[in-house]
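Undergrad: With the working numbering as the guide, the letters of the sequence shown map in order to residues 2 to 373.
Even glycine gets a Cβ: it sits at the ideal position worked out from N, Cα and C.
Would you mind keeping the following structure in view while I ask a few things?
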Amino acid sequence: METLEQMEITSLDELITSARATCSVPYWTSRGDWQGSDTTDVPHVWRWAQLRPQLAAAARLLPMEEAERRALLFCNPGYGGKPFATSSLLGAYQLTKPGENCPVHRHTPSASRFLLEGEGGWTTVEGEKCVLSRGDVVVTPPGAWHDHGNDGSSDIVWMDVLDLPLALRLKCNFFETEYFEVDTASESKAPVSCLSQSERVVRDYSPTVYGTGGVMPRFVTHDRSTGSPQFLYKWKDTKVRLNALRDFEGSPHDGIIVEYINPVTGESAMQTLSFHMQLLRPGEGCLLHRSTASALYSVVEGSGYTEVEGKRYEWGENDSIAVPAWAWHAHVNTSANRDAVLYSVSESAALRKLGLYRREGRQLDGSIVRLD
Ligand code: 1HN
C-alpha cells in the first residue's frame with residue numbers, strides 16, 4: 002500500500018483531498034472563507050422603557066450578593082443570545098441600590114460607565130473616588146483597580162461599556178480580584194486583603210487637574226494608568242463646550258461632535274476605546290457614513306432616529322443603539338425645537354493604532370469620500 006506521500010497526485014481534485022488530509026487547503030479554493038468581514042452583529046435599539054422596569058424587578062427580587070452585578074447585558078440579535086452588544090463591545094444597564102457596592106477588581110478589558118439616573122453613584126479608580134452625576138463618564142483603563150458603589154439615597158443606573166468581546170477574541174481577557182492595601186492604622190505594615198480601596202487622592206481629582214482644556218498642572222505626575230490620567234469626565238464641562246460650539250457648521254456626518262481625550266497625548270481617552278458626545282441641533286439630519294469600528298450610543302437628550310443600512314431605528318432618552326462596523330448610518334434629530342445629544346463608545350482607538358481604522362462618508366451629491 003502506498004502512503005499518502007508516495008501517491009502521485011494526478012488531478013486538482015486529488016490535490017484538494019490530499020491537502021485536506023494534511024491540514025492545508027489550496028488558496029484558490031478557500032478565498033471566500035476569509036475575504037470580507039465575518040461580522041454578524043446587526044443594528045439594534047435597547048429601549049429604556051422596556052429594560053428599566055426589568056432592572057426595577059431585579060432590584061426587588063435579587064439581593065446584590067447573589068447578582069454580583071445587577072446588570073442587564075445587551076445581547077445583539079446577531080449573536081444568538083451571547084452578551085455582546087456589537088462585535089467588540091459589551092454593553093449593559095446596571096442598577097445599584099443605596100449602600101450597595103461591588104468589590105475591588107481589575108482586568109485587561111477597558112471599561113467605562115456613563116451615568117443615566119440617580120445621584121451618588123461612584124467608581125473608585127486607583128484610589129480616586131469618582132462620584133457621578135447624569136451624563137458623567139468614568140473610565141477604568143486596563144489593569145486599573147476599581148470598585149463601585151452608591152452613597153446616594155436613591156437607586157442609580159449607569160451604562161457599562163467594555164471592550165470585552167474584543168479582548169476575548171484576542172485571547173487576552175484576564176480578571177483579578179485579590180486586592181491588598183497596607184492598613185496605615187495597624188502596627189503591622191503587612192498588606193491586607195481589601196474589598197474596597199481607600200481614597201488616595203482628593204474627590205474630583207480628575208476634573209480638577211484636567212477639566213479645563215488648554216492648561217494642565219506641571220507639579221503632578223500624569224503617569225497614572227495605561228491610558229488617560231483623567232478618569233472622570235463631567236457632563237457639565239462637556240455641555241459647556243458643546244454649547245459654545247453650537248453655531249459652528251460642525252461635521253456634515255456627525256453635527257457638533259467632540260471626543261473625550263487623554264489630556265497628555267491628545268489621543269483617545271483609552272488605548273482601545275474612543276468616547277464621543279455629539280449635539281444634533283433641532284431638525285438637524287446628518288449625512289451617511291461608515292467606519293471599520295462598531296459603536297454603542299446612549300441618548301442623553303432629545304429624540305430622533307438613526308438610519309442604518311436603509312432602515313430607521315427610532316430613539317428617545319436613555320435608549321441604547323448598536324451600530325455594527327462598516328454599516329452606513331446617519332443620525333437625525335426629528336424635533337423642530339429641541340436639541341438631541343448622543344454619547345457613543347467605539348473601538349476606533351484600537352483600530353487606529355493597528356492601522357485598521359477607515360471611515361467613509363457620503364456627500365450631498367451622493368458621492369463617497371474617504372474621511373479617515
Ligand atoms: C462590569 O461593570 C465590570 O466593574 C466588569 O469593571 C465586567 C461585565 C458585564 C457587565 C458589567 C467592571 C462586567 C461589568
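Would the region 148–160 and the region 223–233 be scored as touching if the rule is three or more Cβ pairs under 8 angstroms?
TA: Touching, no, given that fewer than three Cβ pairs across the two stretches are closer than 8 angstroms.
Undergrad: In the structure shown, what three-state DSSP assignment does G92 receive?
TA: Position 91 of the sequence shown, counted from the first residue, corresponds to residue 92. G92: strand per DSSP, three-state reduction.
Undergrad: Where does the unbroken alpha helix (DSSP H) through G33 begin, and where does it stop?
TA: Sequence index remark: in the sequence shown, residue 33 carries index 32 (1-based). Note, G33: alpha helix (DSSP H), 32–35.
Undergrad: Determine the direct distance from the alpha carbon of V370 to that of G1, and round the result to whole angstroms.
TA: Residue 1 lies beyond the range of the chain shown here (2 to 373); nothing can be said about it.
Undergrad: Rounded to a whole number of angstroms, what is the C-alpha to C-alpha distance between P142 and R21?
TA: Sequence index remark: in the sequence shown, residue 142 carries index 141 (1-based). Sequence index remark: in the sequence shown, residue 21 carries index 20 (1-based). Taking the straight line from one Cα to the other gives about 44 angstroms.
Undergrad: Spell out the partners DSSP gives Y298 in its beta bridges.
TA: By 1-based counting over the sequence shown, the position of residue 298 is 297. I322, S345, per the DSSP bridge assignment.
Undergrad: Got a sec: does the ligand 1HN put a non-hydrogen atom nearer than 8 angstroms to the Cβ of D161?
TA: To locate residue 161, count along the sequence shown from 1; it is residue 160. Checking every heavy atom of the ligand 1HN against the Cβ of D161, one is found closer than 8 angstroms.
Undergrad: Is Q364 buried or exposed, if buried means 16 or more other CB atoms sit within 10 Å of its CB?
TA: Working through the sequence shown from its first residue, we reach residue 364 at position 363. Its Cβ having fewer than 16 others within 10 Å, Q364 is exposed.
Undergrad: Quick one, which of E179, L63, G215 has its alpha-carbon nearest L196's?
TA: Numbered from its first residue, the sequence shown carries residue 196 at position 195. Of the candidates E179, L63, G215, the one whose C-alpha sits nearest the C-alpha of L196 is E179.
Undergrad: Touching or not, the region 293–301 and the region 330–348, by the rule of three or more beta carbon pairs under 8 angstroms?
TA: The region 293–301, when compared against the region 330–348, does touch it at the 8 angstroms Cβ threshold.
Undergrad: Answer with buried or exposed for I10, where buried requires no fewer than 16 other C-beta atoms within 10 angstroms of its C-beta.
TA: The residue given as residue 10 occupies position 9 in the sequence shown. It is exposed - the Cβ of I10 has fewer than 16 other Cβ atoms within 10 Å.
Undergrad: Look at Y94 and W47 and say whether their C-beta atoms are less than 9 angstroms apart.
TA: For the purposes of this step, residue 94 is taken as residue 93 along the sequence shown, with counting starting at 1. For the purposes of this step, residue 47 is taken as residue 46 along the sequence shown, with counting starting at 1. Yes, these two residues count as a Cβ contact at 9 angstroms.
Undergrad: Contact defined as beta carbons within less than 8 angstroms: I believe E302 pairs with V342. What is the distance between those atoms, to the nearest angstrom?
TA: For the purposes of this step, residue 302 is taken as residue 301 along the sequence shown, with counting starting at 1. For the purposes of this step, residue 342 is taken as residue 341 along the sequence shown, with counting starting at 1. Yes, E302 and V342 are in contact; Cβ-Cβ is about 4 angstroms, under 8 angstroms.
Undergrad: Out of curiosity, what's the CA-to-CA distance linking D148 and V26?
TA: Translated into the one-based positions of the sequence shown, residue 148 becomes position 147. Translated into the one-based positions of the sequence shown, residue 26 becomes position 25. The alpha-carbon atoms of D148 and V26 are separated by roughly 49 angstroms.
Undergrad: Which same chain residues, not among the five before or five after L280, have their C-beta less than 7 angstroms away from its C-beta?
TA: On the sequence shown, position 279 is the one that residue 280 refers to. These residues qualify, in order along the chain: L243, R247, G256, I257, D340, V342.
Undergrad: Would you decide whether L91 is buried or exposed? Buried here means 16 or more other CB atoms lie within 10 Å of its CB.
TA: For the purposes of this step, residue 91 is taken as residue 90 along the sequence shown, with counting starting at 1. Buried, because 16 or more other Cβ atoms sit within 10 Å of the Cβ of L91.
Undergrad: The beta strand (DSSP E) spanning M278 covers which residue range?
TA: Translated into positions along the sequence shown, residue 278 becomes position 277. It spans 275–281 - the beta strand (DSSP E) in which M278 sits, taken as one unbroken run.
Undergrad: Figure out for me which residue from C76, R70, D39 has the closest Cα to the Cα of S321.
TA: Walking along the sequence shown from the start, residue 321 turns up at place 320. Among C76, R70, D39, the Cα nearest to that of S321 belongs to C76.
Undergrad: Are three or more beta carbon pairs between the region 71–86 and the region 34–46 nearer than 8 angstroms?
TA: Contact holds: three or more Cβ-Cβ distances are below 8 angstroms.
Undergrad: Going by the beta-carbon positions, is the gap between N319 and R282 smaller than 9 angstroms?
TA: For this step, residue 319 is matched to residue 318 along the sequence shown. For this step, residue 282 is matched to residue 281 along the sequence shown. Against a cut-off of 9 angstroms, the Cβ pair of R282 and N319 comes out as no contact.
Undergrad: Would A323 and T87 be called neighbours here (beta carbons separated by less than 9 angstroms)?
TA: On the sequence shown, position 322 is the one that residue 323 refers to. On the sequence shown, position 86 is the one that residue 87 refers to. Yes; because the gap between Cβ atoms is below 9 angstroms, this pair is in contact.
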